[in-house]
Amino acid sequence: MEIVILAVVIAVVVLAAIGGLVIGSRRKKPLPPAPPTTPDITAPPAEPHVGDEAETPRDEPRRTIEEVDLPGGGAPTAVEEPPVVPDLVAPEIEIPEPTEGRLVRLRARLSRSQNALGKGLLILLSREHLDEDTWEEVEDTLLTADVGVQPTQELVERLRERVKVLGTRTPAELRGLLREELLKLVGTDFDRTVKTEPATSKPGIVMVVGVNGTGKTTTTGKLARVLVADGRSVVLGAADTFRAAAADQLQTWGERVGAHTVRGPEAGDPASVAFDAVKEGKEMGADVVLIDTAGRLHTKTGLMDELGKVKRVVEKHAPLDEVLLVLDATTGQNGLIQARVFAEVVDITGIVLTKLDGTAKGGIVVAVQRELGVPVKLVGLGEGADDLAPFEPEAFVDALIGE
Ligand SMILES: Nc1nc2c(ncn2[C@@H]2O[C@H](COP(=O)(O)OP(=O)(O)OP(=O)(O)O)[C@@H](O)[C@H]2O)c(=O)[nH]1
Ligand SMILES: [Mg+2]
């Protein structure tokens with residue numbers, strides 16, 4: 001009996017000792033880090049409102065390991081990453097899409113012109129009886145799509161003749177016929193390459209002009225990408241000195257593809273910025289200098305004179321290889337008036353038609369070429385960085401009349 005009592009006492013003492021050890025060993029461990037008391041400046045002000053969850057929302061920005069104060073200054077076990085200093089980090093250079101076949105890839109963007117012009121004409125020409133009313137509708141369709149009066153009359157005449165010769169018309173025949181005639185109007189003989197390679201010495205010089213908001217800066221930025229994609233080095237000249245934001249906008253485009261932007265003081269002389277841009281382009285051995293200019297109304301003679309001066313000053317370096325007039329396709333006939341005045345002040349060598357997505361007036365391509373005798377070289381088909389396509393008449397007409 002005594003032995004049993006003794007055994008029980010020993011067992012109790014042993015158990016107590018083990019328990020104490022365990023507790024003791026727990027006490028010896030450092031306390032877990034106390035919840036941080038410093039407020040998290042990345043979190044929104046923590047004002048509780050009725051209905052707010054008591055819990056911290058799951059999507060609250062997480063703190064990194066470096067932000068948590070560890071007791072005793074113990075080094076964190078995780079590998080420390082170097083601190084990120086945003087200002088010193090070089091922007092990531094983008095690789096623009098290749099330019100070949102862009103118009104084919106982007107042809108769905110022409111759907112509004114396609115419905116109004118291409119499909120509209122095919123439906124009309126497929127009617128059993130092509131009476132005078134129908135021909136009038138054909139004419140209206142072309143005029144509404146901004147093809148212009150003279151080209152419209154020519155096309156209707158040609159179509160009338162050819163349909164008569166054809167007699168019975170299959171849809172395939174009609175499509176082929178319309179394709180041929182539209183191609184003739186758009187013109188396949190123009191040289192539509194954007195000239196950036198001067199015969200004698202680098203860099204090629206391109207100036208971009210047009211009225212306000214047509215898409216000059218965007219086009220300059222997109223064109224820089226096209227050139228970079230083709231392996232050329234580009235310097236940008238921010239000769240829009242009216243607004244500081246204009247130079248920032250251009251510089252942002254440049255940084256995305258690693259192109260240097262030359263800018264001047266706000267409200268400074270645009271001609272001297274353009275001159276400096278070409279000078280720096282030469283010094284840097286750049287392939288091409290693209291000069292963005294401020295939007296100006298063609299009716300403001302002072303501003304138009306200024307544009308003429310920008311061109312003349314740049315020409316002290318070398319003749320310009322391209323003067324691109326940027327026209328907003330949605331402005332229709334008004335674009336033609338602008339085109340005429342700009343062509344008088346600076347010799348336009350190519351047209352960029354922007355915003356062809358979102359308009360049914362694709363016929364403006366025909367009208368503006370007629371007006372200036374200068375080819376459409378590029379078309380803007382969206383706000384995306386690679387939504388600028390070299391203009392290809394075949395791909396354009398195919399997009400209009402559909403597959
Ligand atoms: N949908 C569409 N929008 C375009 C296209 N090209 C330009 N834009 C938009 O048109 C707007 C004006 O473009 P900008 O490049 O700033 O025009 P800008 O001619 O430089 O304007 P200013 O310098 O003020 O005269 C921007 O919102 C562009 O994204 C295009 O092809 N399609
Ligand atoms: Mg601009």
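With full-length UniProt numbering applied, the sequence shown closes on residue 403, and no number is skipped along the way.
Heads up, the beta-carbon is just placed ideally off N, CA and C, and yes, glycines get one too.
Quick one: is residue i buried, meaning 16 or more other Cβ sit within 10 Å of its Cβ, or exposed?
{"i": "arginine 243", "result": "exposed"}
{"i": "histidine 129", "result": "exposed"}
{"i": "serine 113", "result": "buried"}
{"i": "glutamine 333", "result": "exposed"}
{"i": "glutamate 100", "result": "exposed"}
{"i": "lysine 316", "result": "exposed"}
{"i": "lysine 361", "result": "buried"}
{"i": "arginine 263", "result": "buried"}
{"i": "threonine 261", "result": "buried"}
{"i": "valine 194", "result": "buried"}
{"i": "lysine 377", "result": "buried"}
{"i": "leucine 166", "result": "exposed"}
{"i": "alanine 246", "result": "buried"}
{"i": "glycine 254", "result": "buried"}
{"i": "asparagine 115", "result": "exposed"}
{"i": "alanine 339", "result": "buried"}
Classify residue i as helix, strand or coil using the three-state DSSP reduction.
{"i": "glycine 402", "result": "coil"}
{"i": "glutamate 97", "result": "coil"}
{"i": "proline 390", "result": "strand"}
{"i": "isoleucine 337", "result": "helix"}
{"i": "glycine 204", "result": "strand"}
{"i": "valine 149", "result": "helix"}
{"i": "leucine 320", "result": "coil"}
{"i": "valine 287", "result": "In the sequence under discussion, the amino acid at residue 287 is aspartate, which differs from the valine named in the question. Note: aspartate 287 maps to coil in three-state DSSP."}
{"i": "valine 138", "result": "helix"}
{"i": "threonine 293", "result": "strand"}
{"i": "lysine 279", "result": "helix"}
{"i": "valine 262", "result": "strand"}
{"i": "alanine 172", "result": "helix"}
{"i": "residue 418", "result": "This structure gives no information on residue 418, because the portion of the chain shown stretches from 1 to 403."}
{"i": "alanine 238", "result": "strand"}
{"i": "residue 404", "result": "Given that the chain is displayed from residue 1 to residue 403, the structure contains no residue 404 and the question cannot be resolved."}
{"i": "valine 209", "result": "strand"}
{"i": "threonine 144", "result": "helix"}
{"i": "threonine 188", "result": "coil"}
{"i": "residue 441", "result": "Since the first and last residues shown for the chain are 1 and 403, residue 441 lies out of range."}
{"i": "threonine 299", "result": "coil"}
{"i": "threonine 359", "result": "coil"}
{"i": "threonine 219", "result": "helix"}
Rounded to whole angstroms, what is the Cα-Cα separation between residue i and residue j?
{"i": "threonine 331", "j": "valine 104", "result": "24 Å"}
{"i": "alanine 199", "j": "glutamate 283", "result": "18 Å"}
{"i": "glycine 281", "j": "leucine 325", "result": "22 Å"}
{"i": "leucine 125", "j": "leucine 143", "result": "16 Å"}
{"i": "valine 323", "j": "aspartate 140", "result": "34 Å"}
{"i": "phenylalanine 342", "j": "valine 374", "result": "12 Å"}
{"i": "alanine 329", "j": "threonine 252", "result": "25 Å"}
{"i": "lysine 279", "j": "arginine 225", "result": "21 Å"}
{"i": "residue 406", "j": "aspartate 133", "result": "Since the first and last residues shown for the chain are 1 and 403, residue 406 lies out of range."}
{"i": "phenylalanine 275", "j": "valine 206", "result": "12 Å"}
{"i": "alanine 385", "j": "proline 98", "result": "12 Å"}
{"i": "threonine 188", "j": "threonine 196", "result": "21 Å"}
{"i": "proline 32", "j": "glutamate 92", "result": "Since pLDDT at proline 32 reaches only 39, below the 50 mark, its modelled position is unreliable, and no value is offered."}
{"i": "leucine 155", "j": "valine 138", "result": "10 Å"}
{"i": "glycine 382", "j": "serine 111", "result": "13 Å"}
Do the CB positions of residue i and residue j come within less than 8 Å of each other?
{"i": "threonine 293", "j": "valine 310", "result": "yes"}
{"i": "valine 345", "j": "methionine 304", "result": "yes"}
{"i": "glycine 335", "j": "valine 368", "result": "yes"}
{"i": "leucine 250", "j": "alanine 267", "result": "no"}
{"i": "leucine 290", "j": "leucine 223", "result": "yes"}
{"i": "residue 458", "j": "leucine 353", "result": "Given a span of 1 to 403 for the chain in the structure shown, any question on residue 458 remains unanswerable."}
{"i": "leucine 106", "j": "aspartate 398", "result": "no"}
Output needed for residue i: all residues of its chain with C-beta closer than 6 Å, excluding positions within five of it in sequence on either side, in chain order.
{"i": "residue 430", "result": "With the chain covering 1 to 403 only, the question about residue 430 has no answer from this structure."}
{"i": "arginine 160", "result": "none"}
{"i": "phenylalanine 396", "result": "none"}
{"i": "alanine 286", "result": "Pro203, Ser233 and Val235"}
{"i": "threonine 217", "result": "Gln249, Leu250 and Asp292"}
{"i": "alanine 271", "result": "Lys309, Val310 and Val313"}
{"i": "alanine 34", "result": "Because alanine 34 carries a pLDDT of 40, less than 50, the predicted location of this residue cannot be relied on, and the following value inherits that uncertainty. Same-chain partners within the cutoff: there are none."}
{"i": "threonine 220", "result": "Val208, Leu290 and Asp292"}
Which same chain residues end up closer than 8 Å to residue i when comparing Cβ atoms and leaving out the 5 residues on each side of it in sequence?
{"i": "valine 228", "result": "Pro96, Val234, Val257, Gly258 and Ala259"}
{"i": "leucine 183", "result": "Pro393, Glu394 and Val397"}
Would you say residue i touches ligand 4, meaning its beta carbon is less than 7 Å from a heavy atom?
{"i": "threonine 217", "result": "Ligand 4 is not part of the structure shown, which contains ligand 1 and ligand 2 as its ligands."}
Excluding the five sequence neighbours on either side, which residues of its own chain have a C-beta within less than 7 Å of the C-beta of residue i, listed in chain order?
{"i": "glutamate 392", "result": "Leu103"}
{"i": "valine 366", "result": "Val147, Gly148, Pro151, Leu185 and Val186"}
{"i": "glutamate 94", "result": "Arg256 and Val257"}
{"i": "leucine 174", "result": "Leu122, Leu125 and Ser126"}
{"i": "phenylalanine 190", "result": "Pro375"}
{"i": "alanine 145", "result": "Ser113, Ala116, Leu117, Ala360, Lys361, Gly362 and Gly363"}
Give a yes or no on whether 8 Å exceeds the smallest Cβ distance from residue i to chain D.
{"i": "alanine 244", "result": "Of the chains in the structure shown, none is chain D; there is only one protein chain."}
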